[in-house]
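Residue numbers (my numbering): 183 to 348. Glycine is no exception: its CB is placed at the ideal position from the N, C-alpha and C atoms. In this text the structure is predicted, and so the values were computed from the model without any measurement. First up is the structure itself, then whatever we jot down about it.
The following block contains the structure:
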């Protein structure tokens, strides 16, 4: 079965006729995927003209008896809850420097677990923990971190905005 568009969103993934396609967080933006549903149906996902940005509950197929829905495997993640905007800017800068994917959910920043980065954040004094979470709301960042016309970097502008003016 070839699927090339999402049909909608389902809030409750339990019930009769629900057939789940499990994806890992790093597969959610793939335009072409070959997967198997929980019931064993082979499906091909082909989203050639758009980034699918799959999330839990996306309906891929529906008929009278079956609804095929996406679900995301929970993954080990570093959970960061910055205490203020200055800390938020600093952490985001560090994550960006490492070119790590960044997710936002329930007032927390989530980064897929990486031992070296976890140790770095701990050594830097950030309040972090490791949890199993569904990584499905990536933050899109397309700005250039280099100088912006005036010679200031984006990071230096953010830092100026977040520091207390005395």
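Of all the options the options, which has the alpha carbon lying nearest to the alpha carbon of residue i?
{"i": "residue 294", "options": "279, 314, 275", "result": "314"}
{"i": "residue 312", "options": "303, 318, 205", "result": "303"}
{"i": "residue 250", "options": "235, 225, 270", "result": "225"}
{"i": "residue 278", "options": "321, 267, 266, 248", "result": "321"}
{"i": "residue 298", "options": "286, 276, 233", "result": "276"}
{"i": "residue 300", "options": "273, 212, 318, 317", "result": "273"}
{"i": "residue 289", "options": "282, 265, 306", "result": "265"}
{"i": "residue 125", "options": "307, 262, 308", "result": "Lying before the first or after the last residue shown, residue 125 is absent from the chain, which here runs from 183 to 348."}
Drop a sphere of 10 angstroms on the beta-carbon of residue i, count the other beta-carbons inside from all chains shown, and report buried for 16 or more, exposed for fewer.
{"i": "residue 259", "result": "buried"}
{"i": "residue 240", "result": "buried"}
{"i": "residue 184", "result": "exposed"}
{"i": "residue 207", "result": "buried"}
{"i": "residue 214", "result": "exposed"}
{"i": "residue 242", "result": "buried"}
{"i": "residue 230", "result": "exposed"}
{"i": "residue 234", "result": "buried"}
{"i": "residue 187", "result": "exposed"}
{"i": "residue 220", "result": "exposed"}
Where residue i and residue j are concerned, what is the direct C-alpha to C-alpha distance, given to the nearest angstrom?
{"i": "residue 191", "j": "residue 237", "result": "9 angstroms"}
{"i": "residue 330", "j": "residue 193", "result": "Unreliable placement is indicated for residue 330, whose pLDDT of 49 sits below 50; the coordinate value is still reported in the next sentence. Roughly 43 angstroms separates the two Cα atoms."}
{"i": "residue 319", "j": "residue 285", "result": "5 angstroms"}
{"i": "residue 248", "j": "residue 201", "result": "7 angstroms"}
{"i": "residue 291", "j": "residue 212", "result": "23 angstroms"}
{"i": "residue 196", "j": "residue 205", "result": "17 angstroms"}
{"i": "residue 349", "j": "residue 210", "result": "Residue numbering for the chain in the displayed model covers 183 to 348; residue 349 lies beyond these limits and cannot be assessed."}
{"i": "residue 218", "j": "residue 283", "result": "26 angstroms"}
{"i": "residue 228", "j": "residue 189", "result": "14 angstroms"}
Taking only beta-carbon positions, decide if residue i is within less than 7 angstroms of chain D.
{"i": "residue 297", "result": "In the displayed structure, chain D is absent; only one protein chain is listed."}
Can you tell me the Cβ-Cβ gap for residue i and residue j, rounded? I've got them flagged as a contact below 8 angstroms.
{"i": "residue 257", "j": "residue 317", "result": "6 angstroms"}
query = For the stretch 237 to 298, which segments carrying the beta strand (DSSP E) assignment without a break, of at least 3 residues, lie completely within its bounds, in sequence order?
reply = Here the runs fully enclosed are 240 to 244, 249 to 254, 257 to 262, 285 to 287, 290 to 294.
request  = Within the stretch 185 to 228, note down every full beta strand (DSSP E) run reaching 3 residues or more, in order along the chain.
outcome  = Fully enclosed beta strand (DSSP E) runs of no fewer than 3 residues occupy 200 to 205, 214 to 218, 224 to 228 of the stretch 185 to 228, in order along the chain.
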